[in-house]
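Undergrad: Let me give you the structure first, and then I'll get to my questions.
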Amino acid sequence: MRKTLLVLAAGVAALTASAVAAKVGHFSRLPAGAIASNPFTEADLEKLLAKNPATGRPVDSINELVPLLPRELRSNFTFVYDSRSPFRSSISPDRPRVILFSNDGRLVLTYTGDASQPGADLLETMSFDDKASKFELHAFLLPAAERRDWRPTPEAANCASCHGADARPIFDAYPLWPGFYGSVLDTFPRDRAGLAEEKEYEAFLAATAKTEPYRSLIFRPGSPVSPYLDPSRFRENVSQFGPQAFPFMPSARLGMALTDLNRARIYRKLSEGKDFKGHEKQLLAELLECGQSPGPSPRTIASVKDQLLRENADRLKRLGLRPGDPRPNRDDMEELNNIRSVAEIEDVAARAGADRSDWSMAFEPGSLAFYDGILSGIYGRKSYRLKEDLIFELLLHLAENEPAFRPYFLEESLLAEFGYPFGNRIDLGLALTSCRLLTGG
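Be aware that the sequence shown starts at 971, since it is given in my numbering, and climbs by one per residue.
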């Protein structure tokens, strides 16, 4: 059975340099795609919370806030019905947590929907600081919550307990998001777990979704389980999705947008390693597999494989897989098909003296899950998938600091022609020609 991978074009060729929608510049830190000319920022949110334009008074509750939010945020959302967060007891299939996000993932809002439970009328936000390559987390306790004399517990108030001291999103890698509706490929497979999840989602749509804080969300027409993909379009042996499916894949879109942002954060973390300075060329040469560049040891490769197998089993367990259930390989981590690339990421972090324990967006410390769902990173007969993000950042910063590297960096906007402001990749063919400069050969 062929593994399901997301391809946002007519075949894999659409992700090669010859079919790139736009080549968007040399050696400069481009945002992840084209940012809107007037984006709604966290500063705008704070102004809105301070003054409802209809009343002139502070926004009182989440129910009052949601209809006031820009259409962009109300159109991009996904639901969480089972969580490992401090507010997990306040989340259920009929009252799921809502995650709203901007097109580029630079602003994410989340809130719970059960007014009778702790966490009601608490708005949590995540934004991205491009200059610092950092995610910023904030929480806003609205007046309705204050009147109930409720305050979050110390655990719930401590964002770092889940997101880490150097904050990162908590988000599983494509194609599984256990605890989210549409937990497999943003739809409901025709198996036991998928049918059960779909039944609960349909019950939610028929009842609670017709009330706030859900009613003012914009459920895109075109799918009976909007915002998710129509299950009738799901096929066990599907190998790609065209761009027509992408509007109904909110978790995939969010994961891709966040991965582009986290890529810059990972580079910052790598560059802070005690042995990074003066060795970035050797690190990039290893990732590009230039000539006799060092690589991960057999021991590292074996260790990475063992960890990925454990992570994969844990993800399937969280998905609700039972003994005897079918085990389609579409559910397996793409990282298992790219073990050497993951081992090179591990090796480069070790050589730089960098702490890699929080590079992944997965909840588990030290996770090796990095895949966002974009089928790219192939050049010739070699795969640079997963590690291409580090290649991108290392060569970008070399090009910014050393003019000799500038001809080798070209950023490609793979998804711009479909209107998505993320999915930027490096021209690998051009990058590979920098090997002689990197190795002095």
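Glycine included, each C-beta is placed from N, C-alpha and C at the ideal position. Fair warning: this is a prediction, and the values are worked out from it, not measured in the lab.
By the three-class DSSP mapping on this structure, what secondary structure does residue 1352 have?
TA: Here residue 1352 sits in strand by DSSP.
Undergrad: Once you ignore the five residues that flank residue 1084 on each side, which residues in its own chain have a CB closer than 6 Å to its CB?
TA: Answer for residue 1084: 1060, 1065, listed in chain order.
Undergrad: For residue 1391, which of 1071, 1025, 1051 has the nearest alpha-carbon?
TA: Closest by alpha carbon: 1071.
Undergrad: Based on Cα-Cα distance, which residue from 1360, 1409, 1372 lies nearest to residue 1396?
TA: Ranking 1360, 1409, 1372 by Cα distance to residue 1396 puts 1360 first.
Undergrad: Quick check: the Cα distance between residue 1339 and residue 1332, rounded to an integer number of angstroms?
TA: Each residue's alpha carbon lies about 7 Å from the other.
Undergrad: Determine the contact status of residue 1082 and residue 1057, defining contact as a CB-CB distance below 8 Å.
TA: Closer than 8 Å, so yes.
Undergrad: Using 8 Å as the Cβ pair cut-off and three pairs as the minimum, do the segment 1087-1098 and the segment 1111-1118 touch?
TA: Verdict: yes, contact present.
Undergrad: Are residue 1254 and residue 1380 touching if we call contact CB-CB under 8 Å?
TA: Contact: no.
Undergrad: Just mark residue 1404 as buried or exposed, buried being the case when its beta carbon has 16 or more other beta carbons within 10 Å.
TA: Buried is the call here.
Undergrad: Give me, in chain order, the residues of the same chain whose beta-carbon lies closer than 6 Å to that of residue 1271; leave out the 5 immediate sequence neighbours on both sides.
TA: Cβ within range, chain order: 1313.
Undergrad: Once you ignore the five residues that flank residue 1018 on each side, which residues in its own chain have a CB closer than 7 Å to its CB?
TA: Hits under 7 Å: 1029, 1038.
Undergrad: Between the segment 1148-1163 and the segment 1043-1051, are three or more C-beta pairs nearer than 8 Å?
TA: Cβ pair count under 8 Å is three or more, so yes.
Undergrad: Smallest Cα separation from residue 1373: which of 1183, 1158, 1407?
TA: Nearest option by C-alpha distance: 1407.
Undergrad: On the three-pair Cβ rule with 8 Å, is the segment 1138-1148 touching the segment 1288-1303?
TA: Touching, per the Cβ criterion.
Undergrad: If you check the beta carbons only, do residue 1233 and residue 1104 fall under 8 Å apart?
TA: No, these two residues do not count as a Cβ contact at 8 Å.
Undergrad: Residue 1106: which of 1119, 1078, 1120, 1117 sits nearest, CA to CA?
TA: The residue with the shortest Cα to Cα distance from residue 1106 is 1078.
Undergrad: Under DSSP, the alpha helix (DSSP H) around residue 1014 begins and ends at which residues?
TA: Start and end: 1012-1020.
Undergrad: Could you round the C-beta distance between residue 1328 and residue 1138 to whole angstroms and report it? I think they count as a contact, below 8 Å.
TA: Right, their Cβ atoms sit about 6 Å apart.
Undergrad: With respect to the beta strand (DSSP E) encompassing residue 1061, which residues constitute its N-terminal and C-terminal limits?
TA: Element bounds for residue 1061: n/a, residue is neither H nor E.
Undergrad: Taking a contact to mean a Cβ-Cβ separation below 8 Å, would you say residue 1323 touches residue 1244 in this structure?
TA: For residue 1323 and residue 1244, yes; Cβs fall inside 8 Å.
Undergrad: Put residue 1394 into one of helix, strand or coil per three-state DSSP.
TA: DSSP places residue 1394 in strand when its eight states are reduced to three.
Undergrad: My guess is that residue 1198 and residue 1156 are in contact by the Cβ rule of under 8 Å, so how many angstroms apart are they, rounded?
TA: Indeed they touch by this definition, with Cβ atoms about 5 Å apart.
Undergrad: Alpha carbon to alpha carbon, how far is residue 1116 from residue 1311? Give it in angstroms, no decimals.
TA: For residue 1311 and residue 1116, the distance between alpha carbons rounds to 50 Å.
Undergrad: Can you check whether the CB of residue 1036 is closer than 8 Å to the CB of residue 1196?
TA: Not a contact, by the Cβ cut-off of 8 Å.
Undergrad: Measure the C-alpha to C-alpha separation of residue 1172 and residue 1194 and round it to an integer number of angstroms.
TA: Residue 1172 and residue 1194: Cα-Cα distance of roughly 9 Å.
Undergrad: For residue 1190, which residues from the same chain have a beta carbon less than 8 Å from its beta carbon, with the 5 sequence-adjacent residues on both sides left out?
TA: Cβ neighbours of residue 1190 beyond the five flanking positions: 1045, 1196, 1197, 1217, 1218.
Undergrad: Shortest alpha-carbon distance to residue 1341 belongs to which of 1259, 1293, 1224, 1034?
TA: That would be 1224, whose Cα lies nearest to the Cα of residue 1341.
Undergrad: Smallest Cα separation from residue 1247: which of 1336, 1136, 1318?
TA: The option with the nearest alpha carbon to residue 1247 is 1318.
Undergrad: Determine the DSSP secondary structure at residue 1067, reduced to helix, strand or coil.
TA: If DSSP states are grouped into helix, strand and coil, residue 1067 belongs with the strands.
Undergrad: Fully enclosed by the segment 1286-1360, which alpha helix (DSSP H) runs are 4 residues long or longer?
TA: Segments of the alpha helix (DSSP H) lying fully in the segment 1286-1360: 1309-1322.
Undergrad: DSSP has residue 1108 in a bridge; who is on the other side?
TA: For residue 1108, which the question treats as bridged, DSSP gives the partners 1095.
Undergrad: What residue range is occupied by the uninterrupted beta strand (DSSP E) comprising residue 1181?
TA: Unbroken run through residue 1181: none, as it is neither H nor E.
Undergrad: Keeping to the same chain, check which residues put their C-beta closer than 7 Å to that of residue 1055; ignore five residues upstream and five downstream.
TA: Only 1132 meet the Cβ criterion.
Undergrad: Counting only runs of 4+ residues fully inside the segment 1215-1274, write out the alpha helix (DSSP H) ranges in chain order.
TA: Whole alpha helix (DSSP H) segments, 4+ residues: 1220-1241, 1250-1258.
Undergrad: Looking at the structure shown, is residue 1036 part of a helix, part of a strand, or coil, going by DSSP?
TA: DSSP places residue 1036 in helix when its eight states are reduced to three.
Undergrad: What's the C-alpha gap between residue 1264 and residue 1256?
TA: C-alpha separation (whole angstroms): 6 Å.
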